[in-house]
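Scroll down for the structure; my scribbles are underneath it.
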């Protein structure tokens, strides 16, 4: 990792870990906001009068803006300073949470969720840039990234627990309003804990920003709406073609600009391209694992949403423990390439185990062993893949590299989930038409989904073995 001290290394040494706690809180909140909504959907539907299909836009509004603005958020961090963009993001997120919390109509809530996604798109790359800048010693950096990854895992699980508990004991409005005090505390503490030094000044490539953001928004929109519209529909194909056309125009523009939004030379950085591909494929396997495991627990084993969250807790706790206490040491000893390859193969084995889940399975016998193995695989892969993707970036391009990593993960998760949902549904529908019982057909679809995600992990491991350079 190149030294970034000239940009951000102005936080006093004894405050760096306090700063890390603040940044991990930010990551926790960003990830929690993607998962907290699920359990509250029935209550929101009853209160605001959403249709069944309209409910998806509470989630999609967040995802589309989040995925669409990540690249811009990362580049703005390079140009204006990561702390400033981080605070802008939290100001937007906090205000948007207030709007969503007092929402009185579908459009108001959807707007609030979209603005939450925009704020998170500024927070995520800026926060990762700040983590990288404050810990330049490799051992400390690995430990810091372990806490960072653990906070993301905790946020995903906490969203399920808090969403259910808050909706049941208070009301769905409070799943958004709880962000406000946290956001205000983070904003107040940011001034003292995230003190930054000089930042590189430059012009924002507005044309490039518009093209890149529009292309990413259209791409994510096409992916998340493909389930309802169909992959072969004019709607989906048209959006994807338009997105690719805008990306090509963006590429041509960046070659001509003296101060581009994305200097194309960044793709010459060792491991950046391969690392981002691996991150996208990791997300394309990991997010479906969580999605379909939840469905299996609730629809096949008839768990409640809250009990389903409890069943996922061992996997979350294992990830947190491994990322904080083990992954950094393994990366320091064996390098990130070996950890990525081994981790992906372990995750693939876990998914193959999940693909054997029976309709009458039990938590202890069938779910827990595969969950713990999956936790090991994810813990060995996520942090090393992040380091690999950013290890060669110049100090003035750290924010951009961070934005790329986050964008790759977000697009990969959306694309992977959409494709695997389609594969699973096709399997289930085919069996139903053949006369298979409902539960058996549904479970077979889940099994196919897990197996497909396992294949993605194997492909990612092969790419890592061939294209990622071995470094420590």
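Numbering (the numbering used here), first residue to last: 5 to 476. Don't be surprised by glycine CBs; every beta carbon is placed ideally from N, CA and C.
Any chain D beta carbon closer than 8 Å to residue i
i: residue 344; result: In summary, chain D is missing from the structure at hand, where a single protein chain is found.
Within 8 Å, strictly: CB atoms of residue i and residue j
i: residue 331; j: residue 384; result: yes
i: residue 367; j: residue 287; result: no
i: residue 48; j: residue 62; result: yes
i: residue 174; j: residue 90; result: no
i: residue 93; j: residue 127; result: yes
i: residue 180; j: residue 101; result: yes
i: residue 54; j: residue 118; result: no
i: residue 283; j: residue 371; result: no
i: residue 290; j: residue 382; result: yes
i: residue 116; j: residue 107; result: yes
i: residue 378; j: residue 293; result: yes
i: residue 276; j: residue 463; result: no
i: residue 216; j: residue 97; result: no
i: residue 421; j: residue 365; result: no
i: residue 134; j: residue 86; result: yes
i: residue 380; j: residue 350; result: yes
i: residue 322; j: residue 361; result: no
i: residue 131; j: residue 27; result: yes
i: residue 279; j: residue 389; result: yes
i: residue 345; j: residue 465; result: yes
i: residue 168; j: residue 296; result: no
i: residue 23; j: residue 138; result: yes
i: residue 30; j: residue 190; result: yes
i: residue 301; j: residue 468; result: no
i: residue 445; j: residue 432; result: yes
i: residue 363; j: residue 447; result: yes
i: residue 74; j: residue 109; result: no
i: residue 404; j: residue 266; result: yes
i: residue 411; j: residue 136; result: no
i: residue 401; j: residue 270; result: yes
i: residue 129; j: residue 439; result: no
i: residue 392; j: residue 460; result: no
i: residue 163; j: residue 40; result: yes
i: residue 176; j: residue 426; result: no
i: residue 33; j: residue 183; result: yes
Sequence-distant residues of its chain with Cβ nearer than 6 Å to residue i (five each side left out)
i: residue 229; result: none
i: residue 428; result: 449, 452 and 453
i: residue 458; result: 352, 355 and 356
i: residue 202; result: With a pLDDT of 46 at residue 202, under the threshold of 50, the modelled position of this residue cannot be trusted; read the value that follows with caution. Counting only Cβ-Cβ distances below 6 Å, and skipping sequence neighbours, we find nothing.
i: residue 149; result: 387
i: residue 396; result: 273 and 274
i: residue 45; result: 59
i: residue 268; result: 258
i: residue 178; result: 170
Endpoints, alpha helix (DSSP H) assigned at residue i
i: residue 474; result: Residue 474 -> no alpha helix (DSSP H), and no H or E assigned at all.
i: residue 160; result: 142-173
i: residue 436; result: 402-437
i: residue 32; result: 20-39
i: residue 239; result: 238-260
i: residue 337; result: 332-338
i: residue 298; result: 276-299
i: residue 395; result: Per DSSP, residue 395 belongs to no alpha helix (DSSP H) and is neither H nor E.
i: residue 194; result: 183-197
i: residue 47; result: 45-52
Same chain, Cβ closer than 7 Å to residue i, five either side skipped, listed in chain order
i: residue 246; result: 222
i: residue 60; result: none
i: residue 218; result: 250
i: residue 224; result: 67, 68, 71, 72, 415 and 418
i: residue 104; result: 113, 116, 117, 120 and 180
i: residue 161; result: 313, 316, 317 and 320
i: residue 443; result: 304 and 363
Same chain, Cβ closer than 8 Å to residue i, neighbours up to 5 away in sequence not counted
i: residue 185; result: none
i: residue 482; result: What the structure shows of the chain is the stretch from 5 to 476, and residue 482 is not part of that stretch, so it cannot be assessed.
i: residue 455; result: 355, 356 and 359
Start-end ranges of the alpha helix (DSSP H) lying completely within the segment 80-129, minimum 4 residues
86-105
Within the segment 314-378, note down every full alpha helix (DSSP H) run reaching 4 residues or more, in order along the chain.
332-338 and 340-358
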